[in-house]
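Visitor: One structure follows; several queries about it will come next.
Chains as they are written, first to last, in the working numbering: chain A, 34 to 260; chain B, 34 to 260.
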């Protein structure tokens, strides 16, 4: 199909498609004339993936480029694909404190999870925990070093309901990866399962919060319930 | 304390603090001289909250302004605070399809969750589901109308492990809100519990994924495990 048809099929405008081609997110079509190329189902699929990473996943163009680069490179290991996808989701999460890092260690120990020391989610979680401690009125840096392990274990205990819920979910997610499928199928499943499911889980949690919050207060107003 | 001391205490630079003052994120200090103001513990706390929303939560400045505005306004109901916090987290999530919306309805029905029709997380989840269906090779719009309910129920069944996990978590979160506390304590807990815990949960899920993925493949390489 021509680029205009590719635009109609995917709902992505022609200028945007041309920009994706220029920055290498989308592979070029097969040249059929001096200024014309032919695009196929693989381009349609790739465009959907690009839009999903950018619009749904909220990734920056640079992060989407990194993720697509490891998907495309058959020499990159599955572990590395996971790391890059995790890194794309990990925010520049402010500064963690030694307490935050200790709380993450205590949570991992409590769950007997084995995670590399440079896993992007470690620093991210440590930063979130540090910010929450600071908001509760204690600057993490002000906690005496000898008390840190004890406070870290208490924080890990508070985190445990989240860790328990994610333990079961992540285990099922990993078990459901199609081990015998071709690499490109597996890596795309990993990336979608990481980036899109992150947003999915957040949205599901907010729906559950709304339900329980309204239930706690006597249910939603009838007008909101009408179809 | 003076603005320079506020900067040292919080680790936020003086120009950044001045900018927050100018755009109204941070209330002005008490004027002590023509070009000087006095800041107290409330300013330190507010700065931590601003940084947490922007850096950890990844909110835009405009969304942080909306969230802080409903925190500050005692006439805004708790429901509305929740909605604004949820809205700040909901991405501009591309376009949902009728199938995506039907899948969300089916999930809510399956869980017996009652959620307002304009809850921001509905459109967000519908868009995520639509994108995932498209990536699996079926354009949601191409599914015949009479088949949509059946496909939607099947999608809701796939979502159910996530919904089940979030059901317990959200129920506990709502139950643990300090009902007798002053409004400002409750609203801040709600906002932190929505925005920061969203990132927390994502990071915990990625740690669990890394653990189970590596466990599935015989554990992390020893070098990664060394302290």
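Note that CB positions come from ideal geometry on N, CA and C, so glycine has one too.
Taking only beta-carbon atoms, is residue 242/B less than 8 Å away from chain A?
Guide: Closer than 8 Å to some Cβ of chain A, the Cβ of residue 242/B qualifies, so yes.
Visitor: So residue 81/B and residue 168/A are supposed to be a Cβ contact under 8 Å. How far apart are they, rounded?
Guide: Confirmed, Cβ separation roughly 6 Å.
Visitor: Alpha carbon to alpha carbon, how far is residue 232/A from residue 66/B?
Guide: Between residue 232/A and residue 66/B, the C-alpha separation is close to 49 Å.
Visitor: Quick one: is residue 130/B buried, meaning 16 or more other Cβ sit within 10 Å of its Cβ, or exposed?
Guide: That one is buried.
Visitor: Using a beta-carbon distance cut-off of less than 7 Å, what residues from the stretch 212 to 225 of chain A approach chain B?
Guide: Result list: 225.
Visitor: Could you name the residues of chain A that residue 158/B contacts, counting a contact when the two beta carbons are closer than 8 Å?
Guide: Result: 233, 236, 237 and 240.
Visitor: In chain order, what residues of the same chain lie with their CB nearer than 7 Å to the CB of residue 193/A, ignoring the 5 residues before and after it?
Guide: Closer than 7 Å at the Cβ level, and outside the excluded window around residue 193/A, lie 143.
Visitor: Residue 207/B and residue 69/A - do their beta-carbons sit closer together than 8 Å?
Guide: No, they are not a contact pair.
Visitor: I need the boundaries of the beta strand (DSSP E) containing residue 65/A, first residue and last residue.
Guide: First-last of the beta strand (DSSP E) with residue 65/A: 63 to 66.
Visitor: Could you check whether the Cβ of residue 195/A sits closer than 8 Å to any Cβ belonging to chain B?
Guide: It does; some Cβ of chain B falls within 8 Å.
Visitor: Is residue 106/B helix, strand or coil by DSSP?
Guide: Reduced to three states, the DSSP call for residue 106/B is coil.
Visitor: Residues of chain A with CB under 7 Å from residue 249/B, in chain order?
Guide: Simply 207.
Visitor: Mind pulling the chain A residues with CB within less than 9 Å of residue 34/B?
Guide: Neighbours of residue 34/B on chain A: none; closest Cβ ~14 Å, over 9 Å.
Visitor: Taking the runs of the alpha helix (DSSP H) that are 4 residues or longer, which of them lie wholly in the stretch 204 to 234 of chain B?
Guide: Counting only runs of 4 or more, we get 216 to 224.
Visitor: Comparing C-alpha positions only, which one of 200/A, 176/A and 112/A sits nearest to residue 153/A?
Guide: Selected option, being the one with the closest Cα: 112/A.
Visitor: Taking the beta strand (DSSP E) that residue 71/B belongs to, which residues open and close that run?
Guide: Here the beta strand (DSSP E) through residue 71/B covers 69 to 71.
Visitor: What do you get for residue 162/A, buried or exposed, if any count of 16 or more other CB atoms within 10 angstroms of its CB means buried?
Guide: Answer is buried; the Cβ neighbour count reaches 16.
Visitor: So that I know if they touch, is there some Cβ in chain B lying closer than 8 Å to that of residue 167/A?
Guide: Interface residue, yes.
Visitor: Which class does residue 152/B belong to by DSSP, given the choice of helix, strand or coil?
Guide: Residue state, collapsed to three classes: coil.
Visitor: Listed in chain order, which residues of the stretch 139 to 151 of chain B have Cβ atoms closer than 9 Å to some Cβ of chain A?
Guide: So the list reads 140, 141, 144, 145, 146, 147, 148, 149, 150 and 151, given in the order they occur along the chain.
Visitor: Take residue 258/B and list the residues in its own chain whose beta-carbon comes closer than 6 Å to its own, dropping the five residues that flank it on each side.
Guide: At residue 258/B, the pLDDT of 46 sits below 50, so the modelled position is not reliable; the number obtained from the coordinates is stated separately. Correct list: empty, nothing qualifies.
Visitor: Alpha carbon to alpha carbon, how far is residue 228/B from residue 86/B?
Guide: Distance between the alpha carbons of residue 228/B and residue 86/B is about 7 Å.
Visitor: Considering only residues of the same chain and omitting the five flanking positions on each side of residue 63/B, which have a CB-CB separation below 7 Å?
Guide: Closer than 7 Å at the Cβ level, and outside the excluded window around residue 63/B, lie 70 and 71.
Visitor: Work out the CA separation of residue 226/A and residue 239/B for me, nearest whole Å.
Guide: Taking the straight line joining both Cα atoms gives about 11 Å.
Visitor: Between which two residues does the alpha helix (DSSP H) holding residue 52/A run?
Guide: 47 to 55 is the extent of the alpha helix (DSSP H) around residue 52/A.
Visitor: Would you please verify whether the beta carbon of residue 202/A is less than 8 Å from any beta carbon of chain B?
Guide: At least one chain B Cβ lies under 8 Å of residue 202/A.
Visitor: Beta-carbon separation of residue 114/A and residue 224/A under 8 Å?
Guide: Contact flag set, yes.
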